[in-house]
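Here the structure comes first, spelled out in structure tokens, and everything after it is commentary.
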Amino acid sequence: MHEFSVISSIVDLVKQEMEKRPVILVKEVKLEVGELTFLAHGALEFGFTALVEKEPKIANDALNIIPVQAEVKCKNCDYEGPMKVKDSESMHIGVPIFKCPKCEGQIEVIKGKECTVVNLRMELED
Amino acid sequence: MHMTCDVELGADILAANKRIAEDNAALLKKHNVRAYDFLGAIGSGKTLLIEKLADILHARGLKCAAIAGDVTGDDDYKRFKAHGMQVVNVNTGKECHLDAHMVDHAISHLDLENIDVLFIENVGNLICPADFPLGSEKQVTIVSVTEGDDMVRKHPILMGCSDIIVVNKMGLAEIMEIDPEILKKDAAAINPHVPVIFTDARKETGLNELLEAFGL
Ligand SMILES: Nc1nc2c(ncn2[C@@H]2O[C@H](COP(=O)(O)OP(=O)(O)OP(=O)(O)O)[C@@H](O)[C@H]2O)c(=O)[nH]1
Ligand SMILES: [Mg+2]
Ligand SMILES: [Zn+2]
Ligand SMILES: [Zn+2]
Ligand SMILES: [Zn+2]
């Protein structure tokens, strides 16, 4: 629901980076989206396309979203790694289970709540 | 041929909010204010629960305040005000959630020295507020029995990330012909460590248990 404001910040960031160099075209904006965020990829893509429509130096299909798997740390044992995921027939996606896969203890999420612009690929003037 | 270059950024768009949330938490802690943020669907009973909890806490001699987050209007603001609380109204306009920056501004309008407990009512919305921590001690998610018995399993990530789940309007469970234990069971399957508290804000049941879960 707030994908539009998130994607606006991303496009602003891209424009800032473009001002620093003689850019001909931004070919790729690589975005990592944690699976525990509530950002719908389709809505991000839609917002991006709408925002860059009038930006000739940003390719329409530049946004490349890479889903990032969540990682947790157990507060009880030494487990650190992916969450246990329960497959559900009624839901299209697996449901993450918020307990330690090893000892069922309480966990802390250490990865999966980010939305990170990792890389920009740009074509520059020589 | 033109030159292609890669610029590594590593910029987390949600990180700025997380940083402000940490500052909010530190400021509240410095003034010994315990803060709880309430999120949940429209009409689940966030405002009424806060009103009733504040009455109990006031009777114990604690001072309560509230930040009322809403898209528009000041209805909840007026309701809190009527209970003798310091209140700040935050209209989010187009935004569907409060963020840490808005809460930072709201806190600056409060006399923190005269507050023991701060309730933050988020915009009625069961999805996105979870991407924007505010700096509270606990995130409390409210569902009510009138929304059906599948509310918890329909929102596994939000429920999994909550510190407390409240099932409100328990007095209506029978009329709605729903079994609230299903909500509890679904929550336990997603996160066995999150307490699920049954309340009815109208009938004033479960409120002390909820305060206990708050550590109050
Ligand atoms: N029967 C019953 N009614 C309740 C209960 N809690 C709230 N209500 C009623 O439900 C309606 C909505 O309650 P609110 O407290 O305004 O709900 P809210 O979640 O703050 O709503 P928004 O701020 O609009 O999202 C009101 O008419 C309340 O009196 C409850 O436990 N039992
Ligand atoms: Mg309300
Ligand atoms: Zn463990
Ligand atoms: Zn939102
Ligand atoms: Zn400001």
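Chains as they are written, first to last, in numbering that gives the first Met the number 0: chain A, 0 to 125; chain B, 0 to 215.
C-beta: ideal position from N, C-alpha, C; glycine also.
Euclidean distance between Cα positions of residue i and residue j
i, j, result
"residue 3(B)", "residue 26(A)", "9 Å"
"residue 59(A)", "residue 193(B)", "43 Å"
"residue 126(A)", "residue 109(A)", "Residue coverage of chain A in this structure runs from 0 to 125, which leaves residue 126(A) outside it and unanswerable."
"residue 156(B)", "residue 41(B)", "19 Å"
"residue 109(B)", "residue 153(B)", "36 Å"
"residue 95(B)", "residue 128(B)", "8 Å"
"residue 9(A)", "residue 85(A)", "32 Å"
"residue 18(B)", "residue 176(B)", "44 Å"
"residue 15(B)", "residue 198(B)", "35 Å"
"residue 121(A)", "residue 39(B)", "42 Å"
"residue 235(B)", "residue 53(B)", "Residue 235(B) cannot be examined here, being either before or after the span of chain B that is shown, 0 to 215."
"residue 55(A)", "residue 14(A)", "12 Å"
"residue 102(A)", "residue 53(A)", "53 Å"
"residue 212(B)", "residue 64(B)", "19 Å"
"residue 204(B)", "residue 167(B)", "9 Å"
"residue 4(A)", "residue 51(A)", "14 Å"
"residue 18(A)", "residue 2(A)", "25 Å"
"residue 187(B)", "residue 51(B)", "27 Å"
"residue 79(B)", "residue 73(B)", "10 Å"
"residue 201(B)", "residue 28(A)", "51 Å"
"residue 182(B)", "residue 117(A)", "39 Å"
"residue 22(B)", "residue 97(B)", "16 Å"
"residue 81(B)", "residue 169(B)", "25 Å"
"residue 119(A)", "residue 12(A)", "10 Å"
"residue 104(A)", "residue 78(A)", "10 Å"
"residue 80(A)", "residue 46(B)", "39 Å"
"residue 21(A)", "residue 113(A)", "30 Å"
"residue 221(B)", "residue 20(B)", "This structure cannot settle anything about residue 221(B), because the visible part of chain B is limited to 0 through 215."
"residue 162(B)", "residue 121(B)", "15 Å"
"residue 141(B)", "residue 206(B)", "13 Å"
"residue 93(A)", "residue 92(B)", "34 Å"
Short Cβ contact (7 Å threshold) for residue i with residue j
i, j, result
"residue 36(B)", "residue 133(B)", "yes"
"residue 86(B)", "residue 68(B)", "no"
"residue 196(B)", "residue 165(B)", "yes"
"residue 111(B)", "residue 32(B)", "yes"
"residue 144(B)", "residue 125(B)", "no"
"residue 49(B)", "residue 119(B)", "no"
"residue 1(B)", "residue 23(A)", "yes"
"residue 83(B)", "residue 97(A)", "no"
"residue 30(A)", "residue 64(A)", "yes"
"residue 62(A)", "residue 45(A)", "no"
"residue 115(A)", "residue 130(B)", "no"
"residue 83(A)", "residue 107(A)", "no"
"residue 115(B)", "residue 61(B)", "yes"
Status (buried if at least 16 other CB within 10 Å, exposed otherwise) for residue i
i, result
"residue 123(B)", "buried"
"residue 9(B)", "exposed"
"residue 71(B)", "exposed"
"residue 41(A)", "exposed"
"residue 179(B)", "buried"
"residue 77(B)", "exposed"
"residue 123(A)", "exposed"
"residue 69(A)", "buried"
"residue 174(B)", "exposed"
"residue 185(B)", "buried"
"residue 99(A)", "buried"
"residue 49(A)", "exposed"
"residue 125(A)", "exposed"
"residue 138(B)", "buried"
"residue 75(B)", "buried"
"residue 148(B)", "buried"
"residue 146(B)", "buried"
"residue 191(B)", "exposed"
"residue 75(A)", "exposed"
"residue 95(A)", "buried"
"residue 113(B)", "exposed"
"residue 34(B)", "buried"
"residue 111(A)", "buried"
"residue 99(B)", "buried"
"residue 44(B)", "buried"
Near ligand 7: residue i beta-carbon under 6 Å from a heavy atom
i, result
"residue 43(B)", "What this structure holds is ligand 1, ligand 2, ligand 3, ligand 4 and ligand 5, not ligand 7."
Problem - Residues within the region 125-156 of chain B neighbouring chain A, beta-carbon criterion of under 7 Å - result: Those would be 126, 127, 129, 130, 155, 156, in chain order.
Exercise for the section: Mind checking the region 177-200 of chain B against chain A and listing, in chain order, the residues whose C-beta falls within less than 9 Å of any C-beta there? Expected result: 188, 189, 190, 191, 192, 193
Exercise for the section: Taking 8 Å as the threshold, find out whether the region 15-27 of chain B comes into contact with the region 98-107 of chain B through three or more Cβ pairs. Expected result: Because the criterion of three Cβ pairs below 8 Å is met, the region 15-27 of chain B and the region 98-107 of chain B touch.
Handout entry: Chain-ordered residues of the region 110-124 of chain A with a beta carbon less than 8 Å from chain B
Key = 112, 113, 114, 115, 116, 117, 118, 119, 120, 121, 122, 123, 124
Problem - Positions along the region 80-100 of chain B whose CB lies within less than 7 Å of some CB in chain A - result: 94, 95, 96
Exercise for the section: Taking a Cβ distance cut-off of 9 Å, strictly less, list which residues of the region 0-15 of chain B are near chain A, in chain order. Expected result: Along the region 0-15 of chain B, going in chain order, the ones with a CB nearer than 9 Å to a CB of chain A are 0, 1, 2, 3, 4, 5, 6, 7, 8, 9, 10, 11, 12, 13, 14, 15.
Practice task
Closer than 7 Å, Cβ to Cβ, to anything on chain A: give me those residues from the region 46-64 of chain B, in chain order.
Solution key: none
Handout entry: Interfacial residues, the region 16-46 of chain B to chain A, with Cβ spacing under 8 Å
Key = none
Exercise for the section: Anything in the region 159-172 of chain B with a Cβ closer than 8 Å to a Cβ of chain A? List those residues in chain order, please. Expected result: 159, 160
Practice task
May I ask you to list, following chain order, the residues of the region 2-25 of chain A that have a beta carbon less than 8 Å from some beta carbon of chain B?
Solution key: 4, 5, 8, 9, 12, 16, 20, 23
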